[in-house]
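Numbering (the numbering used here), first residue to last: -4 to 89.
A virtual CB, placed ideally from N, CA and C, is assigned to each residue, including glycine.
Here the structure is a predicted model, which is why all the values come from computation and not from measurement.
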């Protein structure tokens, strides 16, 4: 079994359990500290998740198993957030 008490990549790791109305998340900070949180499947929930991560979007690695279609919104939002390094709803193209 892997030792997950120390994150050697200096990235923040996020594991998501996807559901229809909410997602359960386990966040592992580079220090090894873990945060367990339930977020709503809404924009506010996604923003809360990233605020708890406390790092730049490029330093976040997210993993989840796609569940029905419930994963699509958060997957798209996280993808845009990471590329824009901004909120995808307020980002403008150059």
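By the criterion of a C-beta distance shorter than 7 Å, residue 50 is surrounded in its chain by 7, once the five residues flanking it on both sides are discounted.
Residue 21 carries a strand assignment under DSSP once its states are collapsed to helix, strand and coil.
Bridge partners of residue 58 according to DSSP: 10. With fewer than 16 other CB atoms across the displayed protein chains lying within 10 angstroms of its CB, residue 58 is exposed. Inter-residue distance for residue 22 and residue 63 is about 23 Å (C-alpha atoms, whole angstroms).
If you draw a straight line from the Cα of residue 28 to the Cα of residue 55, it comes to about 15 Å. Of the candidates 44, 68, 60 and 48, the residue whose Cα lies closest to the Cα of residue 26 is 48. Using a Cβ distance threshold of 7 Å, residue 37 and residue 17 do not count as a contacting pair.
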